[in-house]
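Participant:
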Amino acid sequence: MGESRLPPGGRRQQAEGAKGHRPPTVHGAGGGDAPLVLGVACLLFAVYLFTFSGSYHSSDEMSMLVATDSLARRGAWDIDLLRWMEEQQGSFGPDGHLYSRKGIGTTLAALPLYWLALRLQELGNVQAAMLTNAVVTGLTGA
Numbered sequence: 003m004g005e006s007r008l009p010p011g012g013r014r015q016q017a018e019g020a021k022g023h024r025p026p027t028v029h030g031a032g033g034g035d036a037p038l039v040l041g042v043a044c045l046l047f048a049v050y051l052f053t054f055s056g057s058y059h060s061s062d063e064m065s066m067l068v069a070t071d072s073l074a075r076r077g078a079w080d081i082d083l084l085r086w087m088e089e090q091q092g093s094f095g096p097d098g099h100l101y102s103r104k105g106i107g108t109t110l111a112a113l114p115l116y117w118l119a120l121r122l123q124e125l126g127n128v129q130a131a132m133l134t135n136a137v138v139t140g141l142t143g144a
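Counted the way our numbering counts, the sequence shown spans residues 3 to 144.
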């Protein structure tokens, strides 16, 4: 009744199997995968550029890019350039300025390219800021 039903050397084999076990290897974006990752990122960037218009498609885009403009030029958060839209894209603050109701993620992400375009007269600042989405799309593949 107290007999073990393990094959001869069974416990030893189990112990050796546990010692000899290696965890599975996870292959990521390191080492030899760099050319593939770069290729996928460039492909996604190119596909985005193929569909890129460089113009506004909604007043929401305007609101976010006007906030980017205010930050880049004056270090302010207002969107007073859209005051003509009244409260469609923002809310008036206690100081009388119009402020966007949109999140700040897109505004902050576009800021480096927008700031660069302000410094380099050859680039359109709105088009440069809109290229942020192309960069993000390319990096998504990386």
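Using N, Cα and C, we set each Cβ at its ideal position, and we do this for glycine too.
Just the Cα atoms here: how many angstroms apart are Q91 and G41?
Facilitator: Residue 91 sits at position 89 when you count from the first residue of the sequence shown. Residue 41 sits at position 39 when you count from the first residue of the sequence shown. Looking at the two C-alpha atoms, the distance is approximately 39 Å.
Participant: Starting from S102, follow its DSSP beta bridges and name the residues at the other end.
Facilitator: Position 100 of the sequence shown, counted from the first residue, corresponds to residue 102. Answer is G92, bridged to S102.
Participant: For my contact list, D71 and Y116 are in at a C-beta cut-off of 8 Å; report their separation, rounded to the angstrom.
Facilitator: For this step, residue 71 is matched to residue 69 along the sequence shown. For this step, residue 116 is matched to residue 114 along the sequence shown. Cβ-Cβ separation between D71 and Y116: approximately 7 Å, consistent with a contact (criterion under 8 Å).
Participant: Return helix, strand or coil for D80, following the three-state DSSP convention.
Facilitator: As a working note, residue 80 is residue 78 in the sequence shown. Strand.
Participant: Is it right to say D80 is buried, meaning 16 or more other beta carbons lie within 10 angstroms of its own, or is it exposed?
Facilitator: Counting from one through the sequence shown, the residue named residue 80 turns up at place 78. D80 comes out buried.
Participant: Identify, in the order they occur along the chain, each residue of the same chain with its Cβ nearer than 6 Å to the Cβ of T134, setting aside the five sequence neighbours on each side.
Facilitator: If you number the sequence shown from 1, residue 134 lands on position 132. Closer than 6 Å at the Cβ level, and outside the excluded window around T134, lie A111, A112, L115.
Participant: Only counting the same chain, and skipping five residues up and downstream in sequence, which positions put a Cβ closer than 6 Å to that of D62?
Facilitator: In the sequence shown, residue 62 corresponds to position 60, counting from 1. Hits under 6 Å: none found.
Participant: For G143 versus A43, is the C-beta spacing smaller than 8 Å?
Facilitator: Counted from its first residue, the sequence shown places residue 143 at position 141. Counted from its first residue, the sequence shown places residue 43 at position 41. Cβ distance < 8 Å, so G143 and A43 count as in contact.
Participant: What are the boundary residues of the alpha helix (DSSP H) that includes T53?
Facilitator: Taking the first residue of the sequence shown as position 1, residue 53 is located at position 51. Premise fails: T53 is in no alpha helix (DSSP H) and is neither H nor E.
Participant: In this structure, does DSSP put V28 in helix, strand or coil?
Facilitator: For this step, residue 28 is matched to residue 26 along the sequence shown. Low local confidence applies: a pLDDT of 49 at V28 is under 50, so the model's placement there is unreliable, with the coordinate-based value given in what follows. When DSSP states are grouped into helix, strand and coil, V28 belongs to the coil group.
Participant: Grab me the residues of F94's own chain with a C-beta within less than 6 Å of its C-beta, minus the 5 sequence neighbours each way, in chain order.
Facilitator: For the purposes of this step, residue 94 is identified with residue 92 of the sequence shown, where counting begins at 1. The answer, listed in chain order, is L100.
Participant: Would L51 pass as a contact of A136 if the rule is Cβ separation under 8 Å?
Facilitator: Locating residue 51 in the sequence shown gives position 49, where the first residue counts as 1. Locating residue 136 in the sequence shown gives position 134, where the first residue counts as 1. Contact flag set, yes.
Participant: For M64, which of V128, T139, V138, G140 has the nearest alpha-carbon?
Facilitator: The residue labelled residue 64 in the question sits at position 62 within the sequence shown. The shortest Cα separation from M64 among V128, T139, V138, G140 belongs to V128.
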